[in-house]
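J.: Encoded as structure tokens, here's the structure I'll be asking about.
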Amino acid sequence: MRHLIDPLYLSVEETEQILNIADDICENMEKYSNKCDGKILATLFFEPSTRTRLSFESAMMRLGGKVLGFSSASSSSASKGETVADTIRVIGNYVDIVAMRHPNDGAAYRASQYSKKPIINAGDGGHQHPTQTLTDLMTIRRRHGRLDNITIGFCGDLKYGRTVHSLVKALSRYKGNHFVFISPKELEVPRYVIDEYVKKSDCTYEEVTDLSSAMPELDILYMTRVQRERFADIEQYNRLKDSYILSPELLKEAKKEMAILHPLPRVNEITLSVDDDERAKYFEQAGNGVFVRMALILSLLGMGNLDLNAEKDNHDEVVKLDVKCKNRNCITNMEDGTKPVYVKGENGRVRCKFCDEYVD
Ligand code: CP
């Protein structure tokens, strides 16, 4: 049995096969309409969602399967104090596969430790969002016909933007990509993303604060929302929330074939007038979410052309340490009995396996 907690749980080959299946589903939807007859997906959403939850539900229904779940922690027994570990041990008796979103970093990994059924991470705190990555990759590939040698600008809240962390990890495995991280200092991309993945890759990167001067070189502009719900200090959010607002004026210097992506929801970081620009691909991107999630469900259930229904080796080197994780949003600091697991990164630094926070 395989889970999808992080984009790197899929090899490059597996990722591309899922994208190929998603392309085929997009063209031949009817071929897939009975593939999951008799199967049930649970959507366990402890945190709000529109696209991810509903596209998962649409995906399972379009495959002929059924769906159950909840859309907020308040309507589940989490509100009475039930842990993720207990929830997942129970739900595993009811369904064949689980998509789970949770406000704490590492919650999906925690669930996978106890689950008898495949767990798909539908977003864990400000950490990872691997199925958004599949959606993003499908959109980029359809626009540019490749996933390598692309200059991609990530703009906005790169600290809490889990979709950015996951997409950078995935694209770091392709040759020649150049990442331009555009953010205020306070919202820069976490060091583990750069040190563990970008620096180890055949890709290059720069960190800048100005969007307009970066614009002319970009093949993709990936805008993000400043994530109010992750800020401990609301004053800081108010100071930073309008850092970047993409307008037709700013786009004058952009390449004609550039694509503007955004995981959505947007607040004000892309003006409505940009929607009419041929380069605005964020609604198409959201639509692709159904195709990639159909392909993923099929693959994790071993019912498609790609069978992911087999164990995969985990080569992380575990380091024995008896300290609390420094990340106050890590699931290990939230639920009794959840002990941190530490692993050695490729650069020798030790980090929490749940949330990737460095120990030192
Ligand atoms: N992109 C994304 O995760 O959107 P939702 O929060 O609406 O699921």
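If you use this note's numbering, the sequence shown closes out at 1745, no skipped numbers anywhere.
C-beta atoms are modelled at their ideal positions from N, C-alpha and C, and glycine is treated no differently.
#1: Run the CB neighbour count on Y1629, radius 10 Å, all protein chains shown included, and call it buried at 16 or more, exposed below.
#2: Report the option in G1730, I1682, Y1545 whose CA atom is closest to the CA atom of Y1622.
#3: C1540 lies in the alpha helix (DSSP H); which residues open and close that run?
#4: What residue ranges within the stretch 1584–1632 form continuous beta strand (DSSP E) runs of no fewer than 3 residues, ordered along the chain?
#5: Please state the DSSP three-state secondary structure of D1509.
#6: Whole beta strand (DSSP E) runs in the stretch 1666–1730 with 3 or more residues, listed along the chain?
#7: Span of the beta strand (DSSP E) holding I1493?
#8: Across the stretch 1434–1443 and the stretch 1391–1407, are there enough close Cβ pairs to call them in contact, namely three or more that are closer than 8 Å?
#9: Please determine, among R1678, L1685, S1632, the residue with the shortest C-alpha to C-alpha distance to D1660.
#10: Could you give the distance in angstroms between the alpha-carbon of A1463 and the alpha-carbon of F1676?
#11: Span of the beta strand (DSSP E) holding I1482?
#12: Roughly how many whole angstroms lie between the Cα atoms of A1427 and V1480?
#13: What beta strand (DSSP E) runs, 3 residues minimum, are completely inside the stretch 1413–1450?
#14: Looking at the structure shown, is V1565 part of a helix, part of a strand, or coil, going by DSSP?
#15: So, are the CB atoms of L1543 and T1518 less than 8 Å apart?
#16: Measuring from the CB of G1689, is there a heavy atom of the ligand CP at a distance below 7 Å?
T.: In terms of the structure at hand:
#1: In the sequence shown, the residue the question calls residue 1629 occupies position 244. Under the 10 Å beta carbon count, Y1629 is surrounded by 16 or more other beta carbons and is classified as buried.
#2: Walking along the sequence shown from the start, residue 1622 turns up at place 237. With distances taken between Cα atoms, Y1622 lies closest to Y1545.
#3: Taking the sequence shown and counting its residues from 1, the one referred to as residue 1540 is at position 155. Per DSSP, C1540 is not a residue of any alpha helix (DSSP H); the beta strand (DSSP E) it occupies stretches across 1536–1540.
#4: Those beta strand (DSSP E) runs which fall completely within the stretch 1584–1632 and span 3+ residues are 1589–1593, 1605–1608.
#5: As a first step, residue 1509 must be located in the sequence shown, where it is residue number 124. Residue state for D1509 is assigned as strand, using DSSP reduced to three classes.
#6: Entirely contained in the stretch 1666–1730, the beta strand (DSSP E) runs reaching 3 residues are, in chain order, 1702–1704, 1727–1729.
#7: One-based indexing of the sequence shown puts residue 1493 at position 108. For clarity, residue 1493 is Ala in the given sequence; the question names Ile instead. Boundaries for A1493: no beta strand (DSSP E) harbours it, while the alpha helix (DSSP H) harbouring it runs 1492–1499, taken from the DSSP string.
#8: No, they do not touch.
#9: Along the sequence shown, one-based indexing puts residue 1660 at 275. Residue S1632 is the option with its Cα nearest to D1660.
#10: Counting from 1 along the sequence shown, the entry for residue 1463 is found at position 78. Counting from 1 along the sequence shown, the entry for residue 1676 is found at position 291. Our two residues, A1463 and F1676, have alpha carbons roughly 31 Å apart in a direct line.
#11: The count along the sequence shown starts at 1 and reaches residue 1482 at position 97. Per DSSP, I1482 belongs to the beta strand (DSSP E) from 1482–1487.
#12: As a first step, residue 1427 must be located in the sequence shown, where it is residue number 42. As a first step, residue 1480 must be located in the sequence shown, where it is residue number 95. Between the alpha carbons of A1427 and V1480 lies a distance of about 6 Å.
#13: Segments of the beta strand (DSSP E) lying fully in the stretch 1413–1450: 1425–1430.
#14: The residue given as residue 1565 occupies position 180 in the sequence shown. The three-state reading of DSSP puts V1565 in strand, counting E and B together.
#15: To locate residue 1543, count along the sequence shown from 1; it is residue 158. To locate residue 1518, count along the sequence shown from 1; it is residue 133. With respect to T1518, L1543 sits apart: the two C-beta atoms are not nearer than 8 Å.
#16: What you label residue 1689 is simply residue 304 of the sequence shown in a count that begins at 1. Using a cutoff of 7 Å, the CB of G1689 does not count as near the ligand CP, since none of the ligand's heavy atoms is closer than that.
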